[in-house]
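**Student:** Numbering (the working numbering), first residue to last: 1285 to 2029.
Where a beta carbon is used, it is the ideal one built from N, C-alpha and C, also for glycine.
Below, the structure written as structure tokens:
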């Protein structure tokens, strides 16, 4: 239903997201209206589209989803409107002067004949133009946001669009709404297509095909991790997207040609196949290949007796390295770029500590980094030296994924950089890191090549290893102490395609036979609330459930709802915020599910004071500290100490995290992991997935399900193919270097 009225008072307004509570005077009296109210002021007439709701705390309210600005009709309304703070330098006195002079024609004068304002005593020509320009600017923004509201575009995204196109926004969208796909991060083909259909653009428009090609390439990167697509596969995906029957080969040929001219895509022959890729990924993977080979070319060998240093480290720490592990230390110390890879219990952390001890003797400035906050925190604890996320180490600035304090023009002051959990690093983040490193900086990459690939695009670790162009050491020998852990032994057995030991005789690895998902769910709830807290002397919230899928009885979403009801029950309106997707409560464990480079955070420092920064990232886990029901805000304390306030428009990037998918667990380590083993698609329930889940556990693993389903996962060695060009580019660039030096000789 629609309600017309005048804004009498704004009770609360959140500037960033536009969430507003206001008094609205209508023909039927006064109404409290709640919703997104962009850039409107007291005294303005509005038309709201929504419904009356009964709020548990504040009573009857009109909750609106669409708000249209209507110019004030009366001179009193115009005075209120102009003096409400809309225009800098116009208070009530000036507003009354203007309105008394132009009466009901005031707004028309401001928009179309601003020079007339200078006829009023006290208003110069310069001030007249300033008043008019501010009025027109705000009106254009309002018109834009109102226009975009009709297409279900959020206020935050509408502001982003307006910042790009300014007063040409509506004109641009009417001409070619598909341009949004190219210019606005976060706007996809489907949103642009919805606008285009309403505006009447033809389905065979070249604009539509152009946007479709870009959408297919972006989606394949974001969803499947591809940095390119074979041309034939791109055609198939595009046909599904645009869904028209006529022959469009000529249109598409012209579109692809123009996209190359505009430097948005690149056609490449990759692995003897004609392929197409976004220019972004072409540049990124080319740069990675060149920079890696350049850094690896520097010789860091020295006269120091590394055998003596390693022996001294063994004596001090009462350990004994295997020859393989000693070789890994020496390689890392000597080479410009090196990789240390191995499964659990193979000594990767101990090797890092030995490398650190030797570099201290060289007075080298060493940075420890990891892709996620949890991985960085764990690295700090095990290495007794501060480790930072890559984003934090490079000092993300301006709330944009491309702007860092340390970059190709301002290099990180590092002699050595050690990156742990490198299997998680995608090509974009790896490129950002490499651009910031000095040429003579040593780079040591540490990770497990058998983990799941990065969530983002690319195959960084596996491509580098496959190229053979970078010095690498594969650790296979398990430490003596690690051999006492069935978690470690079973992880290695699974990785070899062998069934894990399931006799439940150990203290750290258990299998519970459950024949149905319903029984599995109830058993998980018992484990979390009763059995495991008692057995491990641990809080239920510290137990992490890892599930293969989101949906189903034992899917992440259903598990989270049930676990929340058992360990964090509803205790009143002030402790619960109900959103469209999730119900949040104070003390809930939550996870960020998208990268947000603009959100601000604070962190309390041990020595006092606060650190401030920007950025929260996909997979970051924290706990809800407080909920403001009135403002619909959630304050989250993340595991690495960052505190972030989520406003109404941002809560959709949070989910409950009592249970998370195995993909989201990458880079994390939990004391206790509980995992349901279910039947399902072979492309999902793989050995790789099971191995990753088990290696996330530090002290205890509990698997639930049927042995036959466990056996299926162990023997299912399916890995989804990722298209990435880094391997070929490493080989090509290496060949160029070899030919160059051959000519110089």
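#1: In the DSSP assignment, find the unbroken alpha helix (DSSP H) run with residue 1244 in it and report its ends.
#2: Along the chain, where does the alpha helix (DSSP H) containing residue 1991 start, and where does it finish?
#3: Where does residue 1585 sit, in a helix, a strand or coil, going by DSSP?
#4: How is residue 1875 classed by DSSP in three states: helix, strand or coil?
#5: Enumerated in chain order, which unbroken segments of the alpha helix (DSSP H) with a length of 4 residues or greater are wholly contained in the region 1823-1877?
#6: Is residue 1357 near the ligand GDP, with its Cβ less than 8 Å from a heavy atom?
#7: Examine the Cβ distances between the region 2001-2020 and the region 1795-1813 and report whether three or more of them are shorter than 8 Å.
#8: Near residue 1779, which residues of its chain fall below 7 Å by C-beta distance, leaving aside the five closest residues on each side in sequence?
#9: Can you find the residues in the same chain that come closer than 7 Å, C-beta to C-beta, to residue 1604, ignoring five residues on each side of it along the sequence?
#10: Ignore the nearest five residues each way along the sequence and tell me which others in residue 1989's own chain have a CB closer than 7 Å to its CB.
#11: According to DSSP, is residue 1351 helix, strand or coil?
#12: Which first and last residues belong to the alpha helix (DSSP H) in which residue 1459 is found?
#13: Under three-state DSSP, which class holds residue 1657?
#14: Is residue 2029 buried or exposed, if buried means 16 or more other CB atoms sit within 10 Å of its CB?
#15: Alpha carbon to alpha carbon, what distance is there between residue 1363 and residue 1428?
#16: Under the rule that 16 or more other beta-carbon atoms within 10 Å means buried, what is residue 1336, buried or exposed?
#17: Would you report the Cα separation of residue 1633 and residue 1850, rounded to the nearest angstrom?
#18: For residue 1299, count the other beta carbons within 10 Å of its own beta carbon; 16 or more makes it buried, fewer makes it exposed. Which is it?
#19: Please report the distance separating the alpha-carbon of residue 1426 from that of residue 1368.
#20: The alpha helix (DSSP H) with residue 1591 in it runs from where to where?
#21: If we ignore side chains and look at the alpha-carbon of each, how far apart do residue 1922 and residue 1541 end up?
#22: Less than 9 Å separating the beta-carbons of residue 1711 and residue 1742?
#23: In this structure, how does DSSP classify residue 1798 when only helix, strand and coil are distinguished?
#24: Between 1737, 2010 and 1814, which lies nearest to residue 1948 when the distance is taken from Cα to Cα?
#25: Since residue 1444 and residue 1468 should fall inside the 8 Å C-beta cutoff, what is the C-beta to C-beta distance between them, to a whole number of angstroms?
#26: Are the region 1649-1666 and the region 1697-1713 touching, with three or more C-beta to C-beta distances below 8 Å?
#27: Tell me which residue opens and which closes the beta strand (DSSP E) that residue 1626 is part of.
#28: Spatial neighbours of residue 1543 within its chain, please: CB distance less than 8 Å, with the 5 preceding and 5 following residues excluded, ordered by chain position.
#29: In whole angstroms, what separates the C-alpha of residue 1706 from that of residue 1656?
#30: Is it a yes or a no for the region 1609-1619 touching the region 1748-1760, going by three-plus beta-carbon pairs under 8 Å?
#31: May I have the straight-line CA-CA distance separating residue 1966 from residue 1774, to the nearest angstrom?
#32: Give the secondary structure of residue 1765 by DSSP, where H, G and I count as helix, E and B as strand, and everything else as coil.
#33: Go ahead and label residue 1365 buried or exposed: buried means 16 or more other beta carbons lie within 10 angstroms of its beta carbon, across all protein chains shown.
#34: Between the Cα of residue 1761 and the Cα atoms of 1825, 1640, 1630 and 1843, which residue gives the shortest distance?
**Tutor:** The relevant details are as follows:
#1: This structure cannot speak to residue 1244, because the chain is shown only from 1285 to 2029.
#2: 1991-1999
#3: coil
#4: strand
#5: 1840-1851
#6: Only the bare structure without any ligand can be found here, which leaves the ligand GDP out of the picture.
#7: no
#8: 1627, 1734 and 1975
#9: 1598
#10: 1798, 1804, 1960, 1961 and 1962
#11: strand
#12: 1453-1459
#13: helix
#14: Only weak support exists for where residue 2029 lies, its pLDDT of 46 falling under 50; the coordinates are left without a value.
#15: 24 Å
#16: exposed
#17: 37 Å
#18: Note that residue 1299 scores 49 on pLDDT, short of 50, meaning its location in the model is unreliable and no value can be drawn from it.
#19: 16 Å
#20: 1590-1601
#21: 47 Å
#22: yes
#23: coil
#24: 1737
#25: 6 Å
#26: yes
#27: 1621-1626
#28: 1494, 1497, 1498 and 1549
#29: 10 Å
#30: yes
#31: 21 Å
#32: coil
#33: buried
#34: 1630
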